[in-house]
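Student:
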Amino acid sequence: MKFGVVVFPGSNCDRDMQDALEKDLGYPVEMLWHKDSDLSHFTTDDCIVLPGGFSYGDYLRCGAIAKFSPMMKSVIEFANKGGKVLGVCNGFQILCESGLLPGALLQNANQQFICKNVFIKTDKSEALQIPIAHGEGRYYADEATLTHLEKNNQILFRYCDEKGKLGGTANPNGSTMDIAGICNDKRNVFGMMPHPERATSSALSNIDGKKVFEILGLKN
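Under my numbering, the final residue of the sequence shown carries the number 1353; numbering is consecutive throughout.
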């Protein structure tokens, strides 16, 4: 498996993602400029990553402009063919804006930018400590969509406390149903607000991000 990391104007976590994938997880990585569109050298066994940041300055709405880039048109085609796509933070917002994932990311409930370590978990995993850094990370979807996501096991991660308890102050942004990450029906497109690439190095005293990549099936 190899990774392609898309670089938009305003991306600020693209090199963090490259470093984590190459140095900590041992994958080959290619940086992909947003004005390019060729993904012919990637197979459906590979993964395209949309990193965190502020694509196009978030001047209209987070991810709303990025979805029109030449590269995103190719990413959408790649995903529709079964290729793996991971969106982190702003990348998650782009995936929702482009229709590859349902729902939307709204302004945090406290209307402030939040940057801190939080805990997330799957239905089966222990609590994992992963950093967040966002102003619009509150996941929202209508009731029908939420019901479908839950019945189809598409809710990948939920915010919790260090003991794994959901809800309350453990939810940093007011996300509906404590949702921190989801996937599509075919389970090849993944989106999450927390930054696993910031928790893959022992030098940072936290390698829980490696477990996130493993849970997503994106680890050697």
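By construction, the Cβ of each residue, glycine as well, lies at the ideal position given by its N, Cα and C atoms.
Report buried or exposed for Pro1184, applying the criterion of at least 16 other Cβ atoms within 10 angstroms of its Cβ.
Tutor: Counted from its first residue, the sequence shown places residue 1184 at position 51. Buried, by the Cβ-count rule.
Student: By the three-class DSSP mapping on this structure, what secondary structure does Glu1163 have?
Tutor: One-based indexing of the sequence shown puts residue 1163 at position 30. Three-state result, Glu1163: strand.
Student: Just list the residues that DSSP pairs Phe1225 with in beta bridges.
Tutor: What you label residue 1225 is simply residue 92 of the sequence shown in a count that begins at 1. Answer is none; Phe1225 lacks a bridge partner.
Student: Count the CB pairs spanning the stretch 1196-1204 and the stretch 1151-1161 that are closer than 8 angstroms, and state whether there are at least three.
Tutor: no
Student: List in chain order: all unbroken alpha helix (DSSP H) runs of 4+ residues lying wholly within the stretch 1203-1283.
Tutor: 1203-1213 and 1223-1231
Student: Quick check on Phe1141: buried or exposed, where buried means 16 or more other Cβ atoms within 10 Å of its Cβ?
Tutor: Within the sequence shown, the letter at position 8 stands for residue 1141. Buried, because 16 or more other Cβ atoms sit within 10 Å of the Cβ of Phe1141.
Student: Going by C-alpha distance, which of Phe1290, Ile1209, Pro1203 and Phe1225 is nearest His1267?
Tutor: Translated into the one-based positions of the sequence shown, residue 1267 becomes position 134. Per the Cα distances, Phe1225.
Student: Classify Phe1136 as helix, strand or coil using the three-state DSSP reduction.
Tutor: Walking along the sequence shown from the start, residue 1136 turns up at place 3. Looking at Phe1136 - three-state DSSP - the assignment turns out to be strand.
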